[in-house]
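Okay, so the sequence shown: first residue is 1380 according to our numbering, each after it adds one.
We put the beta carbon where it would ideally sit given N, CA and C, even for glycine.
Since this is a predicted model, take the numbers as computed values, not measurements.
Down below is the structure, laid out as structure tokens.
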Amino acid sequence: MGEKANQSQKDITGFRPPEDFVRNAIVNDPDIYRRAEEDPESFWEENAGGIEWYRKWDRVLEWEPPHSKWFIGGKLNACYNCLDVNLDQHADKTAIIWEGENGDIRNYTYKELLEEVCRFANVLKGMGVKKGDIVTIYLPMIPEVVISMLACARIGAPHSVVFAAFSGDSLATRIGNANSRVLITCDGYSRRGKIIEQKNKVDDGIRSCGLIDQVIVVRHMGNEITMKDGRDIWWHEAMENSDSSCEPEVMDSEDMLFLMYTSGTTGKPKGIVHTTGGYMVTTQTTTKFVFDLKNEDIYWCTADCGWITGHSYLVYGPLSNGTTLVIYEGAPDYPDKDRYWDIIERHKVTILYTAPTAIRTFMKWGASWPQMHDISTLRLIGSVGEPINPGAWLWYHENIGMGRCPVVDTWWQTETGMIMISPLPGITTTKPGSATLPIPGIKAAVLDDKGNEVAPGQDGYLAILDPWPSMVRTVFGNEERFIETYWIKWDNKTYFAGDGAKKDEDGYFWIIGRVDDVIKVSGHRIGSAEFESILVSHPSVAEAGVVGKEDELRGEVIYSYVTLKSGIEESNELKKELTAYAEKNIGPFARPRQIIFSDDLPKTRSGKIMRRVLKAIANEKDPGDVSTLQDPAVVEMLKEKTRMLESA
Ligand code: WTA
């Protein structure tokens, strides 16, 4: 890989990093690839030196495929490494610049953040939360989400953050799976000037699951809510007399740091388990290397803490590097379409990390919006969450990066915990639309069904060949699913990422998108099966097949093919009702774009709905051989219906 990376510099055409960027970059010696490849364990061990350990590890890696343990015997605390370690040099440095949608600003220095975190950690302790208890966090992008996560980490209670826009039912499913007894939420939050009634969603959702004993409620919007006696308490009241120091719990390297639910191929979301040591080492290292993070940077990652990016590259990676973060609560077009550029100008943001859907939206709105502001403080810009098309990449580079900021297109997943394929901005020549090369220490390949590497330019499946420190350890409470989803595809030791990809002649990776039944709407992961199980729970629906249709703006949108129960009439009202039903049961970000009624769906002889065929139909592509279907004529009928929608 190292040699390849070197060669690539010579013979490819692309964007070379500007010379002055290279000169000052934290990593600018391509030899890092060779060193890491020759001895990945030593490479990670060397980087583990960036973390403060209470006890050093005995061994770096134990690999009993598909299970890995890292930094075995090492003891540390993640919160300590994000906050306390910065006190020596950065006590008064700003850790968080928070901006509310309405323009409110709250800043925290490292010292202040530590105090708040300790106070909240003591609140949790006072409620009886102990090491190992899973705490559910259901908060929007307000400072309390970060404070809650770090307080959990401090006392060794793994957190499970549920994206605030999920419905109360989705929240309840996740609480149920995690067996969580304590929930942290807020009264409401602001989206395009409207109040989202978060606490109401909680009350509806947790009524059914009956697990939660205590709910801590942040007063954020001041909207009226009901507090349930004996269960609900206000954050500010709980914090009032809480002590501002709290000893961090000494955690084992392999103790669980958090659970993150994500959609997969079955109806229920799976709890991805991340542990402490390996995760902290790699998020710290990759944040530094990929974003070239320096002490004076003002770093803004627009991701939400409800997703993995908000864990690795908003909280743990940046704070463990002593960074100043910007957090913004609201929508990019509120009050107007220049909000992001206004934020960058006012806070002098130097690094921006956002998603392709956002970039394509900005592109649609036009360059006049960023041009209204001085965004010349930017020196590096990144992208994550979905494939970025070359057109959007070039627009981003030209209009936001002013043609001089390196663009880092970073490929990774909830399961990988860390960035896996990405340019190193001081080394890699970038090609628009390619995530470029695996980062040092990572070995990736594009394989066929049998596990053989495909030729350059050919489509195949993206695979990771060797273990890495922040890899998913298991699926919470479902080891079988862990094996089935990621490992049995080939040989039980090669990780199946679920993405299609190809490699070009220079060894650069081009990610095509999901090959399993995961749909990526604006970068949000939604499972076909999860969606279908919600639709069929509606009294009018007999069967449903849900697939992603490619979309210029959002990457993919949701197409639902639905068979109604006998005697139920198709109507536009019912379409609207089902749309609202899906929205209520999952969340507004999962609104289906189209609901297509059909008397039948493409099925195998054994009655299994063929999503592959439906996906081809939705995307007006050739569904291939359909002769094995129960009724091949269904395909033509659905093609016609889909065509009619498009022309309508
Ligand atoms: C997709 C998000 C292309 C991919 C960090 C992956 C990408 C899924 C990229 C994981 C990228 C993420 N280029 N595709 N740079 N980054 N993806 O778990 O399909 O929410 O499998 O993690 O997002 O989504 P997840």
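Kindly indicate which residue of Thr1983, Thr1681, Val1464, Thr1756 has the alpha-carbon position closest to the one of Thr1736. Position 357 of the sequence shown, counting from 1, holds the residue named residue 1736. Cα-wise, what sits closest to Thr1736 is Thr1681.
Measure from the alpha carbon of Lys1822 to the alpha carbon of each residue in Asp1634, Arg1758, Phe1888, then state which is nearest. Stepping through the sequence shown from its first residue, residue 1822 is reached at position 443. Lys1822 has its Cα closest to that of Phe1888, out of Asp1634, Arg1758, Phe1888.
Closest Cα partner of Ser1549 within the set Glu1633, Ser1623, Lys1647: Looking up residue 1549 in the sequence shown gives position 170. Out of Glu1633, Ser1623, Lys1647, Lys1647 has the C-alpha closest to the C-alpha of Ser1549.
Just mark Gly1547 as buried or exposed, buried being the case when its beta carbon has 16 or more other beta carbons within 10 Å. Within the sequence shown, residue 1547 is the residue found at index 168, counting from 1. Result: buried.
Expressed to the nearest angstrom, what Euclidean distance is found between the alpha-carbon atoms of Val1786 and Pro1819? Stepping through the sequence shown from its first residue, residue 1786 is reached at position 407. Stepping through the sequence shown from its first residue, residue 1819 is reached at position 440. The alpha-carbon atoms of Val1786 and Pro1819 are separated by roughly 18 Å.
Between Ser1632 and Thr1664, how many whole angstroms is the CB-CB distance? I'm expecting something under 8 Å. Mapped onto the sequence shown, residue 1632 falls at position 253. Mapped onto the sequence shown, residue 1664 falls at position 285. Wrong, their Cβ atoms sit about 15 Å apart, outside the cutoff.
Which one of Thr1473, Ser1624, Leu1440, Arg1972 has the shortest CA to CA distance from Tyr1459? The residue given as residue 1459 occupies position 80 in the sequence shown. The residue with the shortest Cα to Cα distance from Tyr1459 is Ser1624.
Cβ of Thr1808 within 8 Å of any chain B Cβ: The chain labelled as chain B is not found in the depicted structure, where only one protein chain is given.
At the level of alpha carbons, what is the spacing between Lys1955 and Ile1937? Residue numbering aside, residue 1955 sits at position 576 when the sequence shown is read from its first letter. Residue numbering aside, residue 1937 sits at position 558 when the sequence shown is read from its first letter. The alpha-carbon atoms of Lys1955 and Ile1937 are separated by roughly 15 Å.
If you run the structure through DSSP and keep just helix, strand and coil, what is His1538? As a working note, residue 1538 is residue 159 in the sequence shown. It is a strand residue.
The ligand WTA heavy atom lying under 7 Å from the CB of Lys1994: If you number the sequence shown from 1, residue 1994 lands on position 615. Answer for Lys1994: no, Cβ out of range of the ligand WTA.
Can you tell me whether Thr1793 sits near the ligand WTA, meaning its C-beta is under 7 Å from at least one heavy atom of the ligand? Along the sequence shown, one-based indexing puts residue 1793 at 414. Yes, the ligand WTA has a heavy atom inside 7 Å of this Cβ.
What's the gap between the Cα of Pro1697 and the Cα of Leu1704? Mapped onto the sequence shown, residue 1697 falls at position 318. Mapped onto the sequence shown, residue 1704 falls at position 325. Taking the straight line from one Cα to the other gives about 7 Å.
Helix, strand or coil: how does DSSP classify Pro1817 here? Counting from one through the sequence shown, the residue named residue 1817 turns up at place 438. Strand at Pro1817.
Using the Cβ count rule (16 or more neighbours within 10 Å means buried), how would you classify Lys1881? Translated into the one-based positions of the sequence shown, residue 1881 becomes position 502. Label assigned to Lys1881: buried.
Could you check what DSSP says for Ser1939 in three-state terms: helix, strand or coil? On the sequence shown, position 560 is the one that residue 1939 refers to. Three-state DSSP puts Ser1939 in a strand.
Buried or exposed: which applies to Gly1780, given that a residue is buried once 16 or more other Cβ atoms fall within 10 Å of its Cβ? Here residue 1780 is taken as the residue at index 401 of the sequence shown, counted from 1. With 16 or more other Cβ atoms within 10 Å, it is buried.
Jot down the residue ranges of each uninterrupted beta strand (DSSP E) in the region 1680 to 1717, minimum 3 residues, whole runs only, in chain order. 1703 to 1707
Here's the rule I'm using: 16 or more other beta-carbon atoms within 10 Å means buried, otherwise exposed. How should Arg1758 be labelled? Looking up residue 1758 in the sequence shown gives position 379. Buried: at least 16 other Cβ atoms inside 10 Å.
Whether or not the region 1528 to 1541 and the region 1575 to 1587 are in contact is what I'm after, with contact meaning three or more pairs of Cβ atoms, one per stretch, closer than 8 Å; do they touch? no
Kindly indicate which three-state DSSP category Cys1565 falls into: helix, strand or coil? As a position in the sequence shown, residue 1565 is number 186, starting the count at 1. The answer is strand: DSSP assigns Cys1565 an E or B state.
Less than 8 Å between the C-beta atoms of Gly1643 and Thr1864, yes or no? Taking the sequence shown and counting its residues from 1, one reaches residue 1643 at position 264. Taking the sequence shown and counting its residues from 1, one reaches residue 1864 at position 485. Yes, the Cβ-Cβ distance between Gly1643 and Thr1864 is below 8 Å.
My output table needs one value for Leu1844: the three-state DSSP class, helix, strand or coil. The sequence position of residue 1844 within the sequence shown is 465, counting from 1. Coil, per DSSP.
Does DSSP put Ser1387 in a helix, a strand or coil? Walking along the sequence shown from the start, residue 1387 turns up at place 8. Its pLDDT being 39, under 50, Ser1387 is placed unreliably by the model, and the measurement read from it follows with that caveat. Ser1387 falls in the helix class under three-state DSSP.
Pairwise C-alpha distance: Leu1943 and Ser1950: Position 571 of the sequence shown holds residue 1950. Position 564 of the sequence shown holds residue 1943. Between Ser1950 and Leu1943, the C-alpha separation is close to 11 Å.
Beta carbon of Lys1881: closer than 7 Å to some heavy atom of the ligand WTA? If you number the sequence shown from 1, residue 1881 lands on position 502. No.
CB contact flag (Leu1462, Val1496, <8 Å): Looking up residue 1462 in the sequence shown gives position 83. Looking up residue 1496 in the sequence shown gives position 117. Yes, the pair counts as a contact, with Cβ atoms nearer than the cut-off.
Any heavy atom of the ligand WTA inside 7 Å of the beta-carbon of Lys1899? Stepping through the sequence shown from its first residue, residue 1899 is reached at position 520. Yes, the beta carbon of Lys1899 sits closer than 7 Å to at least one heavy atom of the ligand WTA.
At which residue ranges does the region 1553 to 1637 contain complete beta strand (DSSP E) runs of 3 or more residues, listed in the order of the chain? 1561 to 1565, 1568 to 1570, 1573 to 1575, 1593 to 1597, 1611 to 1613
Could you give the DSSP three-state label for Glu1675: helix, strand or coil? Indexing the sequence shown from 1 puts residue 1675 at position 296. Glu1675 falls in the coil class under three-state DSSP.
Sorry if obvious, but does the Cβ on Ala1532 come closer than 7 Å to a heavy atom of the ligand WTA? Position 153 of the sequence shown holds residue 1532. No, the Cβ of Ala1532 stays beyond 7 Å of every heavy atom of the ligand WTA.
Can you check DSSP and say which residues form a bridge with Tyr1487? As a working mapping, residue 1487 is identified with position 108 in the sequence shown. Looking at the DSSP assignment, Tyr1487 forms a beta bridge with Ile1475.
Near the ligand WTA: Val1854 beta-carbon under 7 Å from a heavy atom: Locating residue 1854 in the sequence shown gives position 475, counting from the first residue. Checking every heavy atom of the ligand WTA against the Cβ of Val1854, none is found closer than 7 Å.
At what residues does the alpha helix (DSSP H) containing Glu1425 begin and finish? Numbered from its first residue, the sequence shown carries residue 1425 at position 46. Segment 1419 to 1426, the alpha helix (DSSP H) holding Glu1425.
So Trp1432 and Lys1448 are supposed to be a Cβ contact under 8 Å. How far apart are they, rounded? Translated into positions along the sequence shown, residue 1432 becomes position 53. Translated into positions along the sequence shown, residue 1448 becomes position 69. No, Trp1432 and Lys1448 are not in contact; Cβ-Cβ is about 15 Å, not under 8 Å.
Residue span of the beta strand (DSSP E) that contains Trp1449, given as start and end: The sequence position of residue 1449 within the sequence shown is 70, counting from 1. Its beta strand (DSSP E) spans residues 1446 to 1451.
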